[in-house]
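Report on the structure given below.
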Amino acid sequence: MYMKITKKGFTLVELLIVIALLGALAVGLLAALDPFEQLKKGNDTGTRNLVSEVQGAVIRYYALKGWMPWCTATDTCDDISSATNLSSSPMDDAISRIVDSGELKADFTSLAASNLGKVFVTGDANNAKVCFQPTSKSFKCDPNTKFQQNGDAAADPADCTTSCGTNTCYWCVK
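Numbering (this note's numbering), first residue to last: 427 to 600.
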């Protein structure tokens with residue numbers, strides 16, 4: 427009488443083949459996702475939210491006080507007719523006024539410290555434009571990335587989105 431011995435499991439060769447296939451899939455997935463682009467997109471999303479929050483706070487401050495936060499009265503304003511980043515002197519004072527009015531949190535400047543130099547504001551007694559220059563491909567291709575640093579339309583706005591922002595185009599809220 428013969429006893430039949432059955433082996434259950436995989437051979438070493440079969441296991442190596444499966445591991446190699448999983449490794450190839452992982453490499454393909456990493457190449458498809460482009461992790462550095464994902465980091466840039468995440469940073470741009472945070473900066474875009476900061477731009478929108480600053481624009482909203484400026485508008486709310488204007489509605490509350492009757493003048494922009496870079497003004498001390500309806501006719502006395504700091505000059506921010508050219509793009510001024512949020513970490514510069516006139517905007518630092520304006521941000522302090524907005525915080526004091528309650529339109530931004532008290533810890534706004536510490537929470538947004540790494541992005542304050544990337545956000546530019548241009549304004550006068552009645553208007554405000556808030557902009558940033560995207561670094562990710564998807565934000566460079568965004569239809570709203572068609573402005574100059576000061577919020578004015580780019581010389582050729584179509585060039586900003588068709589070439590996906592190879593030029594120095596900015597994403598702005600007016």
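The beta carbon of each residue, even a glycine, is placed where N, CA and C say it ideally should be. Remember, predicted model here, so these are calculated numbers, not experimental data.
DSSP places threonine 535 in the uninterrupted alpha helix (DSSP H) bounded by 534 to 537. Between the alpha carbons of alanine 458 and threonine 561 lies a distance of about 19 Å.
Counting only runs of 3 or more residues that sit fully inside the region 464 to 545, the beta strand (DSSP E) segments are 497 to 499 and 506 to 511, in chain order. Around the beta carbon of alanine 580, 16 or more other beta carbons lie within 10 angstroms, which makes this residue buried. By a beta-carbon distance limit of 8 Å, phenylalanine 558 contacts valine 545. Their separation comes to about 5 Å.
The three-state secondary structure of lysine 555, taken from DSSP, is strand. Bridge partners of glycine 549 according to DSSP: Ile506 and Ala554. Under DSSP, the beta-bridge partners assigned to threonine 571 are Trp597. Counting along the chain, no alpha helix (DSSP H) covers glycine 435, and no H or E run does either.
Annotated as distal: leucine 512 and leucine 490, with beta-carbon spacing of 9 Å or more.
Taken atom to atom, the span from the alpha-carbon of proline 583 to that of aspartate 519 is near 33 Å. In the three-state scheme derived from DSSP, where H, G and I count as helix and E and B as strand, alanine 579 is classed as strand. Residues Val525 of the same chain have their beta carbon placed closer than 8 Å to that of alanine 532, with the five preceding and five following residues left out of the count. Of the other Cβ atoms in all chains shown, 16 or more fall within 10 Å of the Cβ of threonine 473; this residue is therefore buried. Of the residues Asn553, Leu455, Tyr596 and Gln575, the one whose Cα lies closest to the Cα of lysine 566 is Tyr596.
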